[in-house]
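Chemist: Let me begin by handing over the structure; questions about it come next.
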Amino acid sequence: MSGGAALVKDHPFFRTVDWGDVISRRNPGPIIPPVRYPGDAQCFDAYPEDDGEGHDEYTADMARQYDHCFDDF
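Position one of the sequence shown corresponds to residue 2 (my numbering), numbered consecutively onward.
In structure tokens, the structure reads:
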């Protein structure tokens, strides 16, 4: 995208943003979740443990077909 970050920063939506404060981390977050202890995950949805069912096995044929897509990953 030509213009890069400057194009985004100049958008009317960000008109009131003080970018110096953003860079200096002086802005409080828009949502500050309550944290009772390190690792507190009360604000995250709970999901059942993954039992491995429903996942396709990554076969040698799939590796030959797709591994090149991740050479630089």
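All residues carry an ideal CB built from backbone N, CA and C; glycine is no exception.
Which whole-angstrom value is the C-beta distance of P34 and C44, which I expect to be below 8 Å?
Modeler: Your numbering for residue 34 matches position 33 in the sequence shown. Your numbering for residue 44 matches position 43 in the sequence shown. Sure, about 4 Å apart at Cβ, within 8 Å.
Chemist: For G4, which of helix, strand or coil comes out of DSSP?
Modeler: Locating residue 4 in the sequence shown gives position 3, where the first residue counts as 1. Residue state, collapsed to three classes: coil.
Chemist: Taking the C-alpha atoms as reference points, what is the distance between H12 and R65?
Modeler: Taking the sequence shown and counting its residues from 1, one reaches residue 12 at position 11. Taking the sequence shown and counting its residues from 1, one reaches residue 65 at position 64. Between H12 and R65, the C-alpha separation is close to 45 Å.
Chemist: Can you confirm whether Y67, when its beta carbon is compared against all beta carbons of chain C, has any partner nearer than 9 Å?
Modeler: The structure shown contains no chain C; it is built from a single protein chain.
Chemist: Rounded to a whole number of angstroms, what is the C-alpha to C-alpha distance between P31 and D51?
Modeler: Residue mapping note: residue 31 aligns to position 30 of the sequence shown, counting from 1. Residue mapping note: residue 51 aligns to position 50 of the sequence shown, counting from 1. Spanning the two alpha carbons is a distance of roughly 32 Å.
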